[in-house]
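Colleague:
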Amino acid sequence: MAEIAGIITTSHVPAIGGAIAKGLQSDPYWKPFFDGFPPVRDWLARVKPDVVVLVYNDHGLNFFLDKMPTFAIGAAAEYRNADEGWGIPTVPPFRGDPELSWHIIESLVAEEFDLVSCQEMVVDHAFTLPMALCWPDQKWPVRTVPVVVNTVQAPLPSAARCYKLGQALGRAIASWPKDERVVVMGTGGLSHQLDGERAGFINKDFDLKFMDSMINNPAWATKYSTVELVELSGTQGVELLNWVVARGTLPQKVRKQQANYHIPISNTASGLMVLEPAA
Ligand code: DHB
Ligand code: FE
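Going by our numbering, the residue at position 34 of the sequence shown is 38; the numbering climbs one at a time, nothing skipped.
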């Protein structure tokens, strides 16, 4: 049976792609951010995942405001990156795993999570940059399954719903009959707001409480409505819902392998965690 080796949760700011392209990893502005990743790569080298299930929000590349699924999942053999207009180089295509995708879709629909299934899907910076941070040579050694959560256009799914989706996703992966190791990623956040009067808003106190909850109290964020989460973390900080889904795939008790928090990367408080099942 498949096993979830752990989760990686990280921010996904487009400027990271520019910094990678310009080789700025040791630049004083970028170093505290990039320094979080060598331990993640060491962990991945130990865990050797076969598959990454990557939970993120699309920013208008694959889904636009005219058609916005609350939850969607890729079921394609390949996922290409495309130009989003940020001026960052595109990355090589990712191998999919249609068989596993359909297993997850069957399992989630049976549990009353009716995701939109996508047999064609392009992936944006929220998918590509976390992958490029984990595998800087961009020779992706894993198959991938993209899971998309609407964190963009109201009404957003509640944190409680996202946590339950994560739990159902964890059961779906655990019932995959192949002896494979799966890493679940959740990308986005932490606190940031790109638009409106509060543009530039960051809430370190909330972010640190949220990161702490990911370790010992995974349902903590579910006590907030999405409007409260937007108030606390910003209109884009609410991307933390992707972290909530990823955390839901793990058991209650986890071990922290790695954590990093740095303000700011572009307009964002960047967070990074690697968590493993404790047992
Ligand atoms: C920024 C952060 C994001 O999560 C994003 O999707 C786009 C931009 C930023 O801080 O610049
Ligand atoms: Fe984003």
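Glycine included, each C-beta is placed from N, C-alpha and C at the ideal position.
Just so you know, these numbers come straight off a predicted model, no measurement behind them.
#1: Cβ-heavy atom distance between PRO134 and the ligand DHB below 7 Å?
#2: Which residues end up in the neighbourhood of the ligand FE when you take C-beta atoms closer than 6 Å to any of its heavy atoms?
#3: Give the straight-line distance between the Cα atoms of PRO93 and MET135, rounded to the nearest whole angstrom.
#4: Just to confirm my understanding: we take VAL88, look at its own chain, exclude 5 residues before and 5 after, and list those with CB closer than 8 Å. What are they?
#5: Give a yes or no on whether the C-beta atoms belonging to GLN142 and PRO96 are separated by under 8 Å.
#6: Return yes when at least one heavy atom of the ligand DHB lies under 7 Å from the C-beta of ASN246, else no.
#7: Which term fits PHE68, buried or exposed, when burial requires 16 or more other beta carbons within 10 angstroms of its beta carbon?
#8: How about THR74 and PRO150: do their beta carbons lie closer than 8 Å?
#9: With respect to 7 Å, is the separation between the Cβ of HIS107 and the closest non-hydrogen atom of the ligand DHB below this value?
#10: What residue from ARG202, GLY275 and VAL156 has the CA that sits closest to MET215's CA?
#11: Nearest by alpha-carbon distance to ASN271: which of ARG99, GLY190, HIS16 and ILE11 is it?
#12: With TRP47 and VAL278 assumed to form a contact (beta carbons below 8 Å), what rounded beta-carbon distance in angstroms separates them?
#13: Looking at the structure shown, is SER105 part of a helix, part of a strand, or coil, going by DSSP?
#14: Can you check which of these residues, VAL156, PHE131 and VAL234, is closest to ASP70 by C-alpha distance?
#15: Is PRO150 helix, strand or coil by DSSP?
#16: Here's the rule: buried if 16 or more other CB atoms are within 10 angstroms of the residue's CB, otherwise exposed. What is GLU243?
#17: Give every residue of the same chain whose Cβ lies closer than 6 Å to the Cβ of PRO36, excluding the five residues on either side of it in the sequence, and list them in chain order.
#18: Which ranges does the alpha helix (DSSP H) cover as unbroken runs of at least 4 residues, wholly within the region 205-252, from first to last along the chain?
#19: Keeping to the same chain, check which residues put their C-beta closer than 7 Å to that of ALA164; ignore five residues upstream and five downstream.
#20: Checking 8 Å against the spacing of the C-beta atoms, do SER195 and ALA273 come in under that value?
#21: Hey, how far is the Cα of ARG84 from the Cα of LEU104?
#22: With ALA6 and GLU280 assumed to form a contact (beta carbons below 8 Å), what rounded beta-carbon distance in angstroms separates them?
Modeller: Checking against the coordinates, here is how it stands:
#1: no
#2: HIS16, HIS63, ALA130, GLY192, GLN240 and GLU243
#3: 14 Å
#4: Per the sequence shown, the amino acid found at residue 88 is Glu instead of Val. If we look at GLU88 and ignore the five residues flanking it on each side, its Cβ neighbours are PRO18, HIS63, GLY64, LEU65, ASP128 and HIS129.
#5: Cβ atoms of GLN142 and PRO96: closer than 8 Å.
#6: no
#7: exposed
#8: no
#9: Taking 7 Å as the cut-off, one finds no heavy atom of the ligand DHB near enough to the beta carbon of HIS107.
#10: GLY275
#11: HIS16
#12: 6 Å
#13: helix
#14: VAL156
#15: strand
#16: Answer is buried; the Cβ neighbour count reaches 16.
#17: HIS266
#18: 208-220, 230-237 and 245-252
#19: THR226
#20: yes
#21: 18 Å
#22: Rounded, the Cβ-Cβ distance is 15 Å, inconsistent with contact.
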